[in-house]
Amino acid sequence: MTDTLSVARTRVWDLPTRLFHWALAFAVIGLIVTGLNGIMEWHFRLGYTVLALLLFRLVWGFVGGRWSRFAAFIYAPGSVIAYLRGKAHPDHLIGHTPLGALSVFAVLALLILQVATGLMADDEISASGPLTRFVSGAMVSLATGWHKAQGKWIVIVLVSLHVLAVLFYVLVKRHRLVGPMLSGDKLVIAGPASNKNGNGNGVAPSRDDAASRTLALLLFALCAGVAFWVASLRL
1 MTDTLSVART RVWDLPTRLF HWALAFAVIG LIVTGLNGIM EWHFRLGYTV
51 LALLLFRLVW GFVGGRWSRF AAFIYAPGSV IAYLRGKAHP DHLIGHTPLG
101 ALSVFAVLAL LILQVATGLM ADDEISASGP LTRFVSGAMV SLATGWHKAQ
151 GKWIVIVLVS LHVLAVLFYV LVKRHRLVGP MLSGDKLVIA GPASNKNGNG
201 NGVAPSRDDA ASRTLALLLF ALCAGVAFWV ASLRL
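Following full-length UniProt numbering, the numbering of the sequence shown begins with 1 at its first residue and continues without gaps.
In structure tokens form, the structure reads like this:
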């Protein structure tokens with residue numbers, strides 16, 4: 001008797017992760033627009049929003065749903081090479097692919113750096129970050145230069161590449177990327193049905209129940225409180 005493959009709808013992206021994703025996307029676009037047009041008061045507000053979101057994602061990467069945890073998409077170099085050679089592990093097609101994971105970590109790291117330098121930046125005209133008075137003048141100058149020049153353009157390039165990559169996967173490779181990030185579910189092809197995971201296809205779904213959503217809400221409230229406190233330091 002041979003095993004047969006099964007296809008089942010599986011919860012991959014929990015609601016907190018989905019809300020984070022779209023909130024961060026709109027906030028970053030808003031930061032770019034307000035920064036380029038000198039709308040600094042809104043630029044700061046969106047910056048504090050991104051700070052709260054990034055703090056939340058760092059915590060949620062350890063306690064969130066199965067496929068939202070960093071442990072689920074930290075790949076060894078060998079896995080990345082195998083994926084590039086077309087020898088993907090089945091898990092690579094459920095959550096973040098190895099290339100997608102590299103993109104996620106790159107974007108998070110860059111945004112953390114951009115927010116951090118923004119908090120220490122001072123244009124000496126009308127806008128200064130809340131942490132400028134706690135660091136040296138040399139650090140303020142370095143942070144301002146990075147935030148207004150290299151950092152800004154790298155963010156724009158990464159955002160553009162991310163959009164192009166999504167379009168490539170959707171239009172050329174016919175991968176459903178946008179739908180699962182809206183609904184949270186993916187159609188996963190796996191081995192024989194498994195009662196252990198409760199989803200009928202042997203793939204462990206992400207936890208996305210009332211308890212986990214309540215935890216996420218409390219964590220985000222805490223992160224928002226930290227961002228609000230940082231904002232209050234601005235003179």
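No residue lacks a Cβ here, since even glycine has one placed at the ideal position from N, Cα and C. Remember, it's a predicted structure, so these values are computed and weren't measured experimentally.
Judging by CA-CA distance, which residue of the options is the nearest neighbour of residue i?
i: residue 31; options: 147, 205, 70; result: 147
i: residue 53; options: 223, 163, 228; result: 223
i: residue 126; options: 99, 11, 39; result: 39
i: residue 69; options: 58, 22, 231; result: 58
i: residue 10; options: 82, 94, 71; result: 94
i: residue 7; options: 160, 188, 87, 159; result: 188
Taking the straight line between their C-alpha atoms, what separation do you get for residue i and residue j?
i: residue 210; j: residue 217; result: 10 Å
i: residue 179; j: residue 185; result: 8 Å
i: residue 24; j: residue 49; result: 8 Å
i: residue 42; j: residue 206; result: 35 Å
i: residue 12; j: residue 114; result: 29 Å
i: residue 91; j: residue 78; result: 14 Å
i: residue 85; j: residue 174; result: 19 Å
i: residue 46; j: residue 27; result: 6 Å
i: residue 100; j: residue 141; result: 34 Å
If I measure Cβ to Cβ from residue i and keep anything under 8 Å in the same chain, skipping five residues before and after, which residues do I get?
i: residue 104; result: 73, 96
i: residue 212; result: 14, 16, 64, 65
i: residue 177; result: 166, 169, 170
i: residue 112; result: 54
i: residue 156; result: 32
i: residue 227; result: 48, 49, 51, 52, 55
i: residue 230; result: 48, 51, 119, 130, 131
i: residue 162; result: 103, 107
i: residue 1; result: Caution applies to residue 1, whose pLDDT of 43 falls short of 50 and renders its modelled position unreliable; the model cannot decide the point.
Can you give me the Cβ contacts of residue i inside the same chain, cut-off strictly under 6 Å, excluding the 5 residues immediately before and after it?
i: residue 196; result: Confidence at residue 196 is low in this model, with a pLDDT of 42, below 50, so its placement is unreliable and no value can be given for it.
i: residue 143; result: 117, 120, 121
i: residue 233; result: 130
i: residue 80; result: 98
i: residue 83; result: 92, 98
i: residue 183; result: none
Which residue comes first and which comes last in the alpha helix (DSSP H) that contains residue i?
i: residue 67; result: That residue, residue 67, is in no alpha helix (DSSP H); it is neither H nor E in DSSP.
i: residue 83; result: 77-84
i: residue 219; result: 210-232
i: residue 205; result: Counting along the chain, residue 205 falls outside any alpha helix (DSSP H), and DSSP gives it neither H nor E.
i: residue 319; result: The requested residue 319 is not part of the displayed model; the chain covers only 1 to 235.
i: residue 16; result: 15-36
i: residue 105; result: 98-120
Identify, in the order they occur along the chain, each residue of the same chain with its Cβ nearer than 7 Å to the Cβ of residue i, setting aside the five sequence neighbours on each side.
i: residue 139; result: 120
i: residue 154; result: 110
At least 3 beta-carbon pairs within less than 8 Å: the stretch 60-70 vs the stretch 8-18:
yes
Under 8 Å, with one C-beta from each stretch per pair, do the stretch 119-126 and the stretch 135-144 reach the 3-pair mark?
yes
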